[in-house]
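Take a look at the structure set out below.
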Amino acid sequence: MSVSYRNMQAFVCVAESATFAEAAEKLFLTQPALSSAIKKMEEQLGGQLFSRTTRRVQLTPEGETLLPQAKRLLHDWDDAIDGVQHLFAMSQGRLVVAAMPSFAESKLPPILMRFHQAYPNIRLRILDVIMEETIEAVRSGRADLGFCFEPEVMDNLEFVPLFTDSFMAVMQA
110 MSVSYRNMQA FVCVAESATF AEAAEKLFLT QPALSSAIKK MEEQLGGQLF SRTTRRVQLT
170 PEGETLLPQA KRLLHDWDDA IDGVQHLFAM SQGRLVVAAM PSFAESKLPP ILMRFHQAYP
230 NIRLRILDVI MEETIEAVRS GRADLGFCFE PEVMDNLEFV PLFTDSFMAV MQA
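Residue numbers for the sequence shown follow this note's numbering, so the first one is 110 and each next one is one higher.
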């Protein structure tokens, strides 16, 4: 027995609708096609999921038990598909990185080398700019990500500290 994704989706849609006609419209199916899908699912499971009247459709106790699990299964399925599509999307494209000159020449090259080894088909573009321009490039969408010091104002941006830096005074002895 294998209940299809589409039949599970049809079950959830009917359960959340007042009538088969309403659910069929939401799913862009004819009412007979939807009824057939639900009937097939009920046959596969061995019993009725809905009690039907001419005016309304209602879940049976078994249907009530199945509904939260069916929603979770559909959600998990969609998450899995989205995750794989995201992985495929990462196999090609471009990444624009804005970074302050000191970071761009010291810490960024090894990071980008590892990234390029993992994602060789992603084209990299580096914007070697001052801190304010790094923030503005990310905010305006010209850069996908930026590396800078933590600013005083973080308007609608997320900042993740990467490391602490030590500054030293240099004096003549």
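C-beta: ideal position from N, C-alpha, C; glycine also.
Proximal residues to residue i (C-beta, below 8 angstroms), its chain only, five neighbours per side dropped
| i | result |
| --- | --- |
| D253 | L204, V205, V206, V247 |
| G53 | Nothing can be reported for residue 53, as the shown portion of the chain is limited to 110 through 282. |
| R164 | T128 |
Top-ranked residue by Cα proximity to residue i, from the options
| i | options | result |
| --- | --- | --- |
| Q118 | I239, T162, E171, D187 | D187 |
| A208 | K148, L266, V238, F276 | V238 |
| S144 | L154, A132, N265 | A132 |
| S275 | H184, F258, D264 | F258 |
| V112 | L182, K135, R232 | L182 |
| F256 | M222, L271, A124 | L271 |
Buried or exposed (CB count within 10 angstroms, at least 16 for buried), residue i
| i | result |
| --- | --- |
| A130 | exposed |
| F137 | exposed |
| M150 | buried |
| N116 | buried |
Per DSSP, the bridge partner or partners of residue i
| i | result |
| --- | --- |
| D237 | A208 |
| L254 | V206 |
| I231 | G202 |
| F159 | L168 |
Neighbourhood of residue i by C-beta distance below 6 angstroms, restricted to the same chain and skipping five residues each side
| i | result |
| --- | --- |
| R234 | V205 |
| Q167 | S160 |
Stretch-stretch touch, CB-based, cutoff 8 angstroms, three pairs: the segment 174–183 with the segment 111–127: yes
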